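Visitor: Mind having a look at this structure? Questions to follow.
There are 2 protein chains.
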Amino acid sequence: MYAARRERLRERCAAGGSETALVTRPANVRYLAGAAPAGAVLLLGVAEDLLLCGSPPSGEAGEGRPDESLLVRVLPRAGGDAAVAAADVAAAQGAESVAVEEHHLTVARHRAILSVAPQLRLGDLGGAVEQLRVIKDEEEISSLRIGAEIVDQALGELLESILVGRTERHLALELERRLVDHGADGPAFPTAVGTGPNSGRRGHRPTDRRVEEGDFLSVCLGATYRGYRCEIGRTFVIGTSPADWQIELYDLVFAAQRAGREALTPGAAFRDVDRAARQVLDSAGYAEALPPLTGHGVGLEIDEDPQLAPAAMGKLDACVPVTVEPGVHLPGRGGVRIDDTLVVRPEADGGPELLTITTKELLAL
Amino acid sequence: MYAARRERLRERCAAGGSETALVTRPANVRYLAGAAPAGAVLLLGVAEDLLLCGSPPSGEAGEGRPDESLLVRVLPRAGGDAAVAAADVAAAQGAESVAVEEHHLTVARHRAILSVAPQLRLGDLGGAVEQLRVIKDEEEISSLRIGAEIVDQALGELLESILVGRTERHLALELERRLVDHGADGPAFPTAVGTGPNSGRRGHRPTDRRVEEGDFLSVCLGATYRGYRCEIGRTFVIGTSPADWQIELYDLVFAAQRAGREALTPGAAFRDVDRAARQVLDSAGYAEALPPLTGHGVGLEIDEDPQLAPAAMGKLDACVPVTVEPGVHLPGRGGVRIDDTLVVRPEADGGPELLTITTKELLAL
Numbered sequence: 001m002y003a004a005r006r007e008r009l010r011e012r013c014a015a016g017g018s019e020t021a022l023v024t025r026p027a028n029v030r031y032l033a034g035a036a037p038a039g040a041v042l043l044l045g046v047a048e049d050l051l052l053c054g055s056p057p058s059g060e061a062g063e064g065r066p067d068e069s070l071l072v073r074v075l076p077r078a079g080g081d082a083a084v085a086a087a088d089v090a091a092a093q094g095a096e097s098v099a100v101e102e103h104h105l106t107v108a109r110h111r112a113i114l115s116v117a118p119q120l121r122l123g124d125l126g127g128a129v130e131q132l133r134v135i136k137d138e139e140e141i142s143s144l145r146i147g148a149e150i151v152d153q154a155l156g157e158l159l160e161s162i163l164v165g166r167t168e169r170h171l172a173l174e175l176e177r178r179l180v181d182h183g184a185d186g187p188a189f190p191t192a193v194g195t196g197p198n199s200g201r202r203g204h205r206p207t208d209r210r211v212e213e214g215d216f217l218s219v220c221l222g223a224t225y226r227g228y229r230c231e232i233g234r235t236f237v238i239g240t241s242p243a244d245w246q247i248e249l250y251d252l253v254f255a256a257q258r259a260g261r262e263a264l265t266p267g268a269a270f271r272d273v274d275r276a277a278r279q280v281l282d283s284a285g286y287a288e289a290l291p292p293l294t295g296h297g298v299g300l301e302i303d304e305d306p307q308l309a310p311a312a313m314g315k316l317d318a319c320v321p322v323t324v325e326p327g328v329h330l331p332g333r334g335g336v337r338i339d340d341t342l343v344v345r346p347e348a349d350g351g352p353e354l355l356t357i358t359t360k361e362l363l364a365l
Numbered sequence: 366m367y368a369a370r371r372e373r374l375r376e377r378c379a380a381g382g383s384e385t386a387l388v389t390r391p392a393n394v395r396y397l398a399g400a401a402p403a404g405a406v407l408l409l410g411v412a413e414d415l416l417l418c419g420s421p422p423s424g425e426a427g428e429g430r431p432d433e434s435l436l437v438r439v440l441p442r443a444g445g446d447a448a449v450a451a452a453d454v455a456a457a458q459g460a461e462s463v464a465v466e467e468h469h470l471t472v473a474r475h476r477a478i479l480s481v482a483p484q485l486r487l488g489d490l491g492g493a494v495e496q497l498r499v500i501k502d503e504e505e506i507s508s509l510r511i512g513a514e515i516v517d518q519a520l521g522e523l524l525e526s527i528l529v530g531r532t533e534r535h536l537a538l539e540l541e542r543r544l545v546d547h548g549a550d551g552p553a554f555p556t557a558v559g560t561g562p563n564s565g566r567r568g569h570r571p572t573d574r575r576v577e578e579g580d581f582l583s584v585c586l587g588a589t590y591r592g593y594r595c596e597i598g599r600t601f602v603i604g605t606s607p608a609d610w611q612i613e614l615y616d617l618v619f620a621a622q623r624a625g626r627e628a629l630t631p632g633a634a635f636r637d638v639d640r641a642a643r644q645v646l647d648s649a650g651y652a653e654a655l656p657p658l659t660g661h662g663v664g665l666e667i668d669e670d671p672q673l674a675p676a677a678m679g680k681l682d683a684c685v686p687v688t689v690e691p692g693v694h695l696p697g698r699g700g701v702r703i704d705d706t707l708v709v710r711p712e713a714d715g716g717p718e719l720l721t722i723t724t725k726e727l728l729a730l
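Those protein sequence lines, which keep their order, are chains A and B.
Numbered by the working numbering, the letters in the first sequence go through residues 1 to 365 in order.
Numbered by the working numbering, the letters in the second sequence go through residues 366 to 730 in order.
Printed below as a string of structure tokens:
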């Protein structure tokens, strides 16, 4: 599998005029090599493919294991730059050109590579590996599915506990502990828990504010499982009876999120999916309160291509996992976000596959 | 204070032939601007200093607040590159040259800057801000001191609880929860808890192994407080009576760590501090088992200059906080690490100031 991915990349490189490629971005290294120990780089060489590591791979579950068809070499000198060492290897193999990830490599490392291998012509690999990563195979989707089961479990358990009086920070830490209890490598991103005026804010960092009766409580968390990251977001109301404005706002965001989910079909333009969700909120007068995007791809990173945003170019393919996560935040009052991870599937296969199955009814807790 | 730091940087830039500087590395932005919202960059301009942010500063404690003497501007277009926008501003102000952080800026961003402002000459700021950051003022040291009190408290509470039968992961999560309980912004780095054969490994990722009678238990954790990161490492033995080899190994690492601490004086060469700790272990026959460094600077990042390592060049100054953290890990058996954060102080002021005061006696828990 990893060898096949590297073969596809090699074909793209050859088409771009580079015989070898040097992959430095950690998620790209992991995608092509099975593991990305800290500081490791992957050389798709003339003679053979080589994973160069700053320190020996730990072999721990969270890190992955290097593909057995790869040569793995550990740098002799601690603190050395594996990218520079890899360029040296490429030059020794007689390579004339190597494509590097200019969107990841720093100017200083680029210069260091040129200085050890001045005869090498350095090209740009651009986002070639990121593009390969967009469409997932069933094994990748299976890892996302298990991660989504873990977040559903962690969230379900939280909802059974007493919430009033606990701080956002405590709830976030408890959710992260539960993720790990249920087998996640770790959280996919810092857990966001917002109460009252903080509810509904995208990427909210938990504070010491305590949950109060009548609050909206919004939670966004994700699990990493075998390196793959998914996310879920839900908003609840605390107390027995939500206020009218809370029910209205919730119903509106729910309708927007459903519209976004229903727009997920192979061939749909990214911007059309975004528009489907966005126009529900727009036409209710919330144009100002809207985030720059209403969803994005997930995988080895939590924020991958595609972006579901007004100016995004391109169309969805089958087997692309994305989030759909519209929300409205009203300064001083709070707000609602609803966020699912789904996999785009053709109509014939039943349409989009919902990975995060926690209910989206408005629960009063 | 922030204005004075920027003034010092401006002088260095001028000496290097650049009239303006563009700071992109987040810890450097925070050091000079008081805050570093995601994607923010700082332009030390011809006319005025400008913090350019991708999204509005949140004003939350963990993020810091932008210095009031700075202009703060939020990019109009979400997803835009603040560094490119800053170069545009510099060019509009009539700047001819701008020094950038080539060790942080990617090749692609460097190129994007050149394409919006082709008339600008781009120089290299190098590690100028990192160098300014090495010697801390008393306010910075005060933040580290409070962080160290927090890690001491979190660790002290853990030691009072039952440990046998609990997993490394659980202990690590509990420590992180306690850090936040006591007021930390968050952990300074992923907490390492190692038991039995995993004990004493630097940067060990906690596993599901449970604490057993007779184990070594080594713990390394840190707190972030007002952005500043400190660390502590301790090793304990589980059960009533340590084995002879455990006492011997502990005493040896303790002696090495003490030698390192005692070598911390203004004017001491980095490599001499390293050698002081290292030779104790070397002469006992553990040369192979030693890590590449025995300590490092801490501050806004957990791993800053200086490096206390055999090949490090330079000398300690007063008011530089460093760790001293020798350890020995014996494959299959486990090991010992002892790690303190201290501030270098002159003899006349009482010598090195120990921030992490948890006892280093061998406790049997």
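Here a beta-carbon is modelled for each residue, glycine too, at the ideal position from N, C-alpha and C.
Remember, predicted model here, so these are calculated numbers, not experimental data.
(1) With a 10 Å radius around its C-beta and 16 neighbouring C-beta atoms as the bar for buried, classify residue 621 of chain B as buried or exposed.
(2) So which residues on chain A does residue 596 of chain B lean against when the C-beta distance must stay under 8 Å?
(3) To which residues of the same chain is residue 198 of chain A closer than 6 Å at the C-beta, ignoring the five residues directly before and after it?
(4) Beta-carbon of residue 688 of chain B versus every beta-carbon of chain A: anything under 8 Å?
(5) Can you tell me whether DSSP reads residue 2 of chain A as helix, strand or coil?
(6) So which residues of chain B does residue 108 of chain A contact, with C-beta pairs closer than 9 Å?
(7) Could you check how far apart the C-beta atoms of residue 567 of chain B and residue 702 of chain B are, in whole angstroms? I think they sit under 8 Å.
(8) Can you check which of these residues, B:537, B:700 and B:690, is closest to residue 706 of chain B by C-alpha distance?
(9) Just checking: is the beta-carbon of residue 538 of chain B within a distance shorter than 8 Å of some beta-carbon in chain A?
(10) Which residues bound the beta strand (DSSP E) around residue 667 of chain B?
(11) Residues of chain B with a CB under 9 Å from the CB of residue 275 of chain A: which are they?
(12) Just checking, does the segment 207-221 of chain A make contact with the segment 273-291 of chain A on the three C-beta pairs under 8 Å criterion?
(13) Answer yes or no: the CB of residue 55 of chain A versus the heavy atoms of the ligand NAD, is any distance below 7 Å?
(14) Apart from the five residues on each side of it in sequence, which residues of its chain come closer than 6 Å, Cβ to Cβ, to residue 728 of chain B?
(15) Just confirm the distance between the C-beta atoms of residue 408 of chain B and residue 451 of chain B, as a whole number of angstroms; I'd bet it's less than 8 Å.
(16) Could you list the residues in the segment 672-705 of chain B with a C-beta less than 7 Å from some C-beta on chain A, going in chain order?
(17) Measuring CA to CA, which of A:173, A:91, A:9 and A:95 is closest to residue 101 of chain A?
(18) Identify whether residue 446 of chain A lies in helix, strand or coil by the three-state DSSP scheme.
(19) I'd like to know if the segment 514-526 of chain B and the segment 538-556 of chain B are in contact, where contact means that at least 3 CB-CB pairs between them fall below 8 Å.
(20) Check whether the segment 492-503 of chain B and the segment 129-149 of chain A touch, using three or more Cβ-Cβ pairs below 8 Å as the test.
(21) From residue 12 of chain A to residue 21 of chain A, what does the alpha carbon distance come to, in whole angstroms?
(22) Following the continuous alpha helix (DSSP H) through residue 477 of chain B, name the residue where it begins and the one where it ends.
(23) Given a cut-off of 8 Å on the beta-carbon distance, is the pair residue 508 of chain B and residue 590 of chain B in contact?
(24) With 8 Å set as the bound, which would you pick, yes or no: does the beta-carbon of residue 180 of chain A sit closer than that to a beta-carbon of chain B?
(25) Any Cβ of chain A within less than 8 Å of the Cβ of residue 542 of chain B?
(26) Sort A:215, A:174 and A:149 by Cα distance to residue 160 of chain A and report the nearest one.
(27) Listed from N- to C-terminal order along the chain, which residues in the segment 641-659 of chain B have their beta-carbon within a distance smaller than 9 Å of any beta-carbon of chain A?
(28) Quick check on residue 244 of chain A: buried or exposed, where buried means 16 or more other Cβ atoms within 10 Å of its Cβ?
(29) Let me know the secondary structure DSSP gives residue 588 of chain B once reduced to three states.
(30) Under 7 Å Cβ to Cβ from residue 712 of chain B, same chain only, skipping five residues before and after it: list those, please.
(31) What are the residues in the segment 563-586 of chain B lying within 8 Å of chain A by C-beta distance?
(32) Which of the three DSSP states is assigned to residue 15 of chain A in this structure?
(33) The alpha helix (DSSP H) with residue 511 of chain B in it runs from where to where?
(34) Please compile the residues from chain B whose C-beta is within a distance smaller than 7 Å of the C-beta of residue 169 of chain A.
(35) How about residue 267 of chain A and residue 316 of chain A: are their beta carbons less than 8 Å apart?
Guide: Result, derived from the coordinates:
(1) buried
(2) Per Cβ cutoff of 8 Å: no residues; residue 596 of chain B is ~17 Å from chain A at best.
(3) 204
(4) no
(5) helix
(6) 466, 467, 468, 469, 470, 489 and 491
(7) 7 Å
(8) B:690
(9) yes
(10) Residue 667 of chain B -> no beta strand (DSSP E), and no H or E assigned at all.
(11) The contacting residues do not exist; residue 275 of chain A stays about 16 Å from chain B at best.
(12) no
(13) The ligand NAD is not part of this structure, which contains no ligands at all.
(14) 601
(15) 4 Å
(16) none
(17) A:9
(18) There is no way to answer for residue 446 of chain A, as the model of chain A reaches only from 1 to 365.
(19) yes
(20) no
(21) 10 Å
(22) 472-481
(23) yes
(24) yes
(25) yes
(26) A:174
(27) 656, 657 and 658
(28) exposed
(29) strand
(30) 630
(31) 570 and 572
(32) helix
(33) 503-524
(34) 545
(35) yes
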